[in-house]
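Quick notes on the structure that follows.
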Ligand code: CMX
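Here is the structure:
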């Protein structure tokens with residue numbers, strides 16, 4: 036299988052690099068840790084490594100060294116499409132090189148082989164309360180799939196250096212099933228339907244998803260989903276959802292358990308729920324002003340949000356200090372295809388007003404938009420109008436990045452994580468020993 040062969044060929048070299056770091060350079064100091072970083076949510080503490088992606092605060096994400104724009108340009112696409120194949124992105128994340136179109140299609144074919152869901156998973160979903168959040172349902176369905184884990188079945192037969200191959204099988208099977216699960220949840224929750232079309236091996240991953248969802252694919256929803264799935268896939272290892280899967284995997288918990296934990300972390304309003312909150316915020320503006328507001332009205336609405344003690348969703352970032360390139364490519368996607376769409380016009384107005392408001396407030400380190408400030412509006416255009424489904428879509432995409440990291444973490448034998456905690460008194464004592472500023 037293509038990913039297996041390509042990863043296996045690289046392993047001796049990678050393992051040697053990690054061995055040398057662990058044995059020959061173990062005492063080298065990378066950075067110091069401040070009390071501000073410890074009490075500030077471990078922000079910026081350099082304590083993880085991954086080669087799959089890297090976020091530069093002044094530039095944004097690089098997937099295996101490629102910026103979002105470079106990746107979108109370089110990755111292969113199916114005939115007639117403008118946006119690349121998701122299978123090519125998965126190859127890039129897993130292998131580290133840009134695939135040919137044939138290699139990307141081989142990954143797509145591996146997904147098609149594995150895209151079936153055992154009947155009990157649908158039963159579990161049908162038994163869940165009607166008002167359960169879509170991301171809760173996806174997390175639940177992922178847990179219900181855990182009995183399928185090849186890693187669990189083979190655990191006692193494998194040596195440590197073989198873990199990654201079982202992890203890869205689970206990663207492929209899990210990611211293959213997510214479009215089916217997501218579309219089933221959509222149909223069940225919003226249309227009371229209990230069936231989902233079968234995965235069609237002649238179509239790519241995103242086209243399958245578009246066909247399974249009940250939205251207007253004639254307008255090009257599959258193209259939007261290719262873009263959405265690619266750009267949300269990975270954002271280095273320290274973000275909350277990726278780190279959660281990494282942590283779970285470090286205990287040798289399998290990919291299903293780890294991804295469910297990842298989704299549960301993504302579900303918070305400061306993280307993956309922000310695309311839901313952002314779409315709701317835009318819809319509230321539109322409702323309140325019966326269409327597009329004036330600039331002054333939007334300015335006041337934004338201040339009212341802040342004065343009520345809320346954040347403005349889709350703005351600010353834990354690491355980025357510039358406009359998120361994932362925002363830019365989504366905005367351009369909309370501007371090229373439906374420039375007159377009212378919600379998109381509102382997104383543009385918000386881009387003009389909210390950074391000014393946040394700068395005036397003076398709290399957010401970055402007043403610029405992140406990807407969540409526009410993604411819901413694009414979904415809305417194609418008929419995916421249920422804002423609470425947006426975080427689930429983020430989850431389907433994030434699976435690509437976190438499973439690639441999970442496979443490589445096992446391949447490199449990354450150990451169980453165990454950072455050290457101190458007591459408040461200990462921190463106070465450390466602070467008291469430092470010279471006080473004049
Ligand atoms: N609206 C209002 N206030 C904001 C803000 C925003 N969009 N972004 C940051 N701030 C505030 C913070 O709440 C914080 O206030 P306090 O000092 O009162 O606690 C202050 O500015 C400093 O925050 P920061 O260091 O700039 O940002 P953090 O690293 O603490 O948090 C983030 C980053 C994303 C959680 C924050 O910017 C935010 O809440 N944004 C809105 C929600 C959002 O869009 N989240 C999605 C981010 C993308 C993702 O990870 O999925």
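In my numbering, the protein residues as written are 36 to 473.
Where is the CB? At the ideal position from N, CA and C, for every residue including glycine.
Just so we're clear, the structure is a prediction, and the values are computed from it rather than from any experiment.
Which first and last residues belong to the beta strand (DSSP E) in which residue i is found?
i, result
"residue 89", "88–91"
Return the first residue and the last residue of the alpha helix (DSSP H) that residue i is part of.
i, result
"residue 95", "From DSSP, residue 95 is part of no alpha helix (DSSP H) but of the beta strand (DSSP E) over 95–98."
"residue 221", "198–226"
"residue 324", "That residue, residue 324, is in no alpha helix (DSSP H); it is neither H nor E in DSSP."
"residue 476", "Because the chain is modelled from 36 through 473, residue 476 falls outside the range shown and cannot be assessed."
"residue 396", "377–396"
"residue 243", "240–247"
"residue 279", "275–285"
"residue 145", "136–149"
"residue 48", "37–59"
"residue 374", "Careful: residue 374 lies outside any alpha helix (DSSP H) and carries neither H nor E."
"residue 169", "169–179"
"residue 261", "256–266"
"residue 129", "121–130"
"residue 71", "70–74"
"residue 252", "No alpha helix (DSSP H) holds residue 252; DSSP gives it neither H nor E."
"residue 300", "290–301"
"residue 342", "330–342"
"residue 188", "185–189"
What's the call for residue i, buried or exposed, on a 16-neighbour Cβ count within 10 Å?
i, result
"residue 54", "exposed"
"residue 518", "There is no way to answer for residue 518, as the model of the chain reaches only from 36 to 473."
"residue 461", "exposed"
"residue 300", "buried"
"residue 47", "exposed"
"residue 224", "buried"
"residue 367", "exposed"
"residue 100", "exposed"
"residue 122", "buried"
"residue 474", "The structure shown does not extend to residue 474, since the chain is modelled only from 36 through 473, so no value can be given for it."
"residue 246", "buried"
"residue 62", "exposed"
"residue 269", "buried"
"residue 174", "buried"
"residue 251", "exposed"
"residue 239", "buried"
"residue 190", "exposed"
"residue 369", "buried"
"residue 457", "exposed"
"residue 197", "exposed"
"residue 84", "exposed"
"residue 459", "exposed"
"residue 255", "buried"
So if DSSP puts residue i in a beta bridge, which residue, or which two residues, is it bridged to?
i, result
"residue 404", "350"
"residue 102", "97"
Give the C-beta separation of residue i and residue j to the nearest angstrom, bearing in mind that I take them to be a contact with Cβ-Cβ under 8 Å.
i, j, result
"residue 359", "residue 419", "The Cβ separation is near 21 Å, so there is no contact."
"residue 38", "residue 203", "6 Å"
"residue 14", "residue 310", "Not covered by the structure: residue 14. The range shown for the chain is 36 to 473."
"residue 126", "residue 117", "The pair is not a contact, with the Cβ atoms about 19 Å apart (cut-off 8 Å)."
"residue 146", "residue 211", "4 Å"
"residue 444", "residue 273", "Wrong, their Cβ atoms sit about 14 Å apart, outside the cutoff."
"residue 312", "residue 324", "With a Cβ gap of about 19 Å, residue 312 and residue 324 do not count as contacting."
"residue 265", "residue 124", "5 Å"
"residue 381", "residue 320", "6 Å"
"residue 408", "residue 437", "Going by Cβ atoms, the distance from residue 408 to residue 437 rounds to 23 Å, so no, they are not a contact pair."
"residue 78", "residue 276", "Not quite, the Cβ-Cβ distance comes to about 16 Å (not below 8 Å), so this is no contact."
"residue 70", "residue 412", "Incorrect: roughly 41 Å between the Cβ atoms, too far for contact."
"residue 357", "residue 43", "Wrong, their Cβ atoms sit about 38 Å apart, outside the cutoff."
"residue 531", "residue 249", "Residue 531 lies beyond the residue range present for the chain, which begins at 36 and ends at 473; the question has no answer from this structure."
"residue 393", "residue 402", "4 Å"
"residue 29", "residue 103", "Examination of residue 29 is not possible in this model, given that the chain is present from 36 through 473 alone."
"residue 209", "residue 234", "The pair is not a contact, with the Cβ atoms about 14 Å apart (cut-off 8 Å)."
"residue 156", "residue 179", "5 Å"
"residue 431", "residue 217", "5 Å"
"residue 186", "residue 289", "4 Å"
"residue 469", "residue 292", "Actually they are not in contact, since the Cβ atoms of residue 469 and residue 292 sit about 42 Å apart, beyond 8 Å."
"residue 219", "residue 160", "7 Å"
"residue 378", "residue 282", "In fact, because the Cβ distance is near 37 Å, the residues do not count as touching under 8 Å."
Quiz item: Which runs of the alpha helix (DSSP H) spanning at least 4 residues fall entirely within the segment 415–459, listed in chain order?
Solution: 425–446
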